[in-house]
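In the working numbering, the protein residues as written are 380 to 577.
Glycine included, every Cβ here is placed at the ideal spot set by N, Cα and C.
Quantities reported herein were computed from a predicted structural model and do not represent experimental measurements.
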């Protein structure tokens, strides 16, 4: 197997970077592309300094002062999202090892087109399951629950173990409860439903 990059972070157009990586060298790929929301997306950045009188709660009794720093924005608008994502998925297919798998994260705006595209590139038989991420505290966008679809794709469908990469892929609906600042940690809960069939 060709050597894959180890312990590296690349900044730039991911398509150009993907094309520089050896074929069949990556066992696990997670793709979280823009969702084509037709809005300008902003990723707020902050720096924190520990201070007993700080306005932000941390772990235990720690408090922090917060300073907002320049935050990047990008136009999450695509006239043809499929044309944008197709070459990246084709590269992902090329990069996966024969027993590798891909997790693709998207929301309702492009999920149907993405599923057809994934079936075309990986083969419909490679689809393993769908994971619905229903969250409340962590990353909440204003609604108590918001579903994002994530597909588990196997490059080779058989044999495929029930548990892969430390995850039980027979569970299509995963809900994780995260603690609010200062609250006791709550156990992770899994809502399990029978796997969907084609």
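Assign residue i to buried or exposed, taking buried as 16 or more other Cβ atoms, counted over all protein chains shown, within 10 Å of its Cβ.
i	result
residue 441	exposed
residue 379	This structure does not reach residue 379, given that the chain is present from 380 up to 577, and the question cannot be answered.
residue 415	buried
residue 479	buried
residue 407	exposed
residue 395	exposed
residue 490	buried
residue 471	buried
residue 399	exposed
residue 438	exposed
Assuming residue i and residue j form a contact by the criterion Cβ under 8 Å, report the distance between their Cβ atoms to the nearest whole angstrom.
i	j	result
residue 460	residue 492	7 Å
residue 455	residue 413	5 Å
Practice task
At 4 residues or longer, and completely inside the region 383-456: list those alpha helix (DSSP H) runs for me, N to C.
Solution key: 393-397
Problem - Cβ contact check for the region 494-504 and the region 416-434: 3 or more pairs under 8 Å - result: no
Exercise for the section: Just list the alpha helix (DSSP H) runs in the region 465-507, keeping only unbroken ones of 4 residues or longer that don't cross its boundaries, in chain order. Expected result: Taking only runs of at least 4 residues, the alpha helix (DSSP H) segments lying wholly in the region 465-507 are 490-501.
Problem - the region 418-425 contacting the region 438-457, beta-carbon criterion three pairs below 8 Å - result: Yes, they touch.
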